[in-house]
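Asker: First the structure, which I've put down as structure tokens, then a few questions once you've had a look.
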Amino acid sequence: MPQGLQLFPQQASTIAKHVDWLYFFLIAVTIFFATLVCVLVTFFMIRYRRGAKVDRSNPVNHSTTLELLWTGIPLVLAMVIFAWGAVLFYAIQTPGQGAMEIYVVGKQWMWKLQHPAGKKEINELHVPLGKRVRLTMTSEDVIHSFYVPAFRIKKDVLPGRYTTLWFEATKLGTFHLFCAEYCGLGHSRMIGRVVVMTPGDYEKWLSGGGNEEPLEVSGERLFQRLACATCHREDSKGRGPSLAGVFGTSVRLKSGASVVADESYIRESILEPQAKLTAGFDPVMPTFTGQLGEEGIIQLIAYIKSLARKPDSSAPPTPPTSH
Ligand code: HEC
Ligand SMILES: [Cu+2]
3 MPQGLQLFPQ QASTIAKHVD WLYFFLIAVT IFFATLVCVL VTFFMIRYRR GAKVDRSNPV
63 NHSTTLELLW TGIPLVLAMV IFAWGAVLFY AIQTPGQGAM EIYVVGKQWM WKLQHPAGKK
123 EINELHVPLG KRVRLTMTSE DVIHSFYVPA FRIKKDVLPG RYTTLWFEAT KLGTFHLFCA
183 EYCGLGHSRM IGRVVVMTPG DYEKWLSGGG NEEPLEVSGE RLFQRLACAT CHREDSKGRG
243 PSLAGVFGTS VRLKSGASVV ADESYIRESI LEPQAKLTAG FDPVMPTFTG QLGEEGIIQL
303 IAYIKSLARK PDSSAPPTPP TSH
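In this text, residue positions in the sequence shown follow our numbering: the first is 3, and each later residue adds one.
What follows is the structure, given as structure tokens:
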């Protein structure tokens, strides 16, 4: 994809131009002050050069106005940069409602991506134009970092926990995907591409190829195979709590504290059941560490999530996501 000399990557997501405006502002402020300092240095160098007939007495004096100005102006500038950056940071961190969910697993040295409908990809991510996409990411080994310059998004992908990222593509085309954290010998080869398609093409692409099953269906099978279902019964008569509707709600723990049952909590409940005990239950759940890969855990989470989406739950209906 030769594009000649380009100082900046394309702006291909909704937040790209906002990130760039802040960046340009920082550059402008930097250039302004660097130039001011250089001009003054040069001016004083010439004016006070050896032999020039100027006043060198350098009397001690004081100007309150000057003191206030050179404290006040940098303060205002710094606060503008802080507030602007904070607002943008917040927007980048919060995907909002109705985003399409993609799971990302990084490993030495490839990206494994999975669509909610079950379609899997390696080093390639196909997404529809103009739709919010939320990435839930984890690593099977070391720290990686998911970086799409054209979307102006980058976030570390960590073993043992989930990080999230979102974007909404505004341009059709193919964009670079990099690993931006040195992760071993093959790091430079850990590259891929994001393909933005029209929603129609995306649907076609999704339905083409193999007969993948949705994540939650694989998850349900795992749930049966690992005998989770013997303790977690929907009728709440098992030894464990019913998992129907638990996702996204606040769970009361034995310690008295509460946690939101998000992806990380479910993950921890499966791998380290004793870490956060649910109030009212005995610590009888065995750990499943070693029996499940990251992908298996993701499938179980998708299944438990789908239980929360049952229409009879009190959760507000989520907007229909195109699968
Ligand atoms: C021997 C019975 C048993 C088995 C088997 C079992 N669990 Fe549990 N599970 C429990 C009990 C008891 C709790 C509540 C105490 C705790 O937090 O450890 C629990 C808690 C949980 C929670 C937290 C739920 C909440 O409301 O806080 C999740 C999620 C969970 N289990 C998932 C699973 C999955 C997935 C499997 C299968 C891979 C599984 N469990 C297998 C007994 C079991
Ligand atoms: Cu990497």
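Heads up, the beta-carbon is just placed ideally off N, CA and C, and yes, glycines get one too.
State the start and end residues of the unbroken alpha helix (DSSP H) segment that holds F46.
Answerer: A18 to R49
Asker: Using the C-alpha atoms, what's the distance from T138 back to I106?
Answerer: Reading off the sequence, residue 106 comes out as Val, not Ile. Cα to Cα, V106 sits roughly 6 angstroms from T138.
Asker: Indicate the three-state DSSP secondary structure (helix, strand or coil) for F169 in the structure shown.
Answerer: strand
Asker: Determine the DSSP secondary structure at F290, reduced to helix, strand or coil.
Answerer: Judged by DSSP in its simplified three-state form, F290 adopts coil rather than helix or strand.
Asker: With a CB to CB cut of under 6 angstroms and the five nearest residues on each side skipped, what residues in its chain are close to G221?
Answerer: Q301, L302, A304 and Y305
Asker: Any idea if C229 is buried or exposed, counting beta-carbon neighbours within 10 angstroms, 16 or more meaning buried?
Answerer: A small correction: the amino acid at residue 229 is Ala; Cys does not occupy that position in the sequence shown. It is exposed - the Cβ of A229 has fewer than 16 other Cβ atoms within 10 Å.
Asker: Whole angstroms are fine: how far does the CA of I272 sit from the CA of Q12?
Answerer: 42 angstroms
Asker: Can you tell me whether DSSP reads V219 as helix, strand or coil?
Answerer: helix
Asker: Across the region 24-41 and the region 75-92, are there enough close Cβ pairs to call them in contact, namely three or more that are closer than 8 angstroms?
Answerer: yes
Asker: Taking 8 angstroms as the cut-off, does the CB of S271 come closer than this to any heavy atom belonging to ligand 1?
Answerer: Yes, since a heavy atom of ligand 1 falls inside the 8 angstroms radius drawn around the Cβ of S271.
Asker: Does DSSP classify E126 as helix, strand or coil?
Answerer: In the three-state reduction of the DSSP assignment, E126 falls in the strand class, which pools E and B.
Asker: State the DSSP-derived secondary structure class of T200, mapped to helix, strand or coil.
Answerer: coil
Asker: For ligand 1, is there a heavy atom less than 8 angstroms away from the beta-carbon of R241?
Answerer: yes
Asker: Locate the beta strand (DSSP E) running through E103, then write down its first and last residues.
Answerer: Note, E103: beta strand (DSSP E), M102 to K109.
Asker: What residue from R51, V262 and G100 has the CA that sits closest to W168's CA?
Answerer: For the residues R51, V262 and G100, the minimum Cα distance to W168 belongs to G100.
Asker: Just to confirm before moving on: does the CB-CB distance between L255 and K278 stay below 9 angstroms?
Answerer: yes
Asker: Decide yes or no for the touch test of the region 196-215 against the region 37-54: beta carbon pairs closer than 8 angstroms, at least 3 of them.
Answerer: no
Asker: Considering only C-alpha positions, which residue in the set F10, V198, V150 and H146 is nearest to G108?
Answerer: H146
Asker: When the Cα atoms are used, what is the spatial distance from I124 to M112?
Answerer: 7 angstroms
Asker: State the start and end residues of the unbroken beta strand (DSSP E) segment that holds Y149.
Answerer: H146 to V150
Asker: If you draw a straight line from the C-alpha of Y164 to the C-alpha of E265, how long is it?
Answerer: 7 angstroms
Asker: One question on the structure: do E126 and R191 come within less than 9 angstroms of each other, judged by their Cβ atoms?
Answerer: no
Asker: Which class does T67 belong to by DSSP, given the choice of helix, strand or coil?
Answerer: helix
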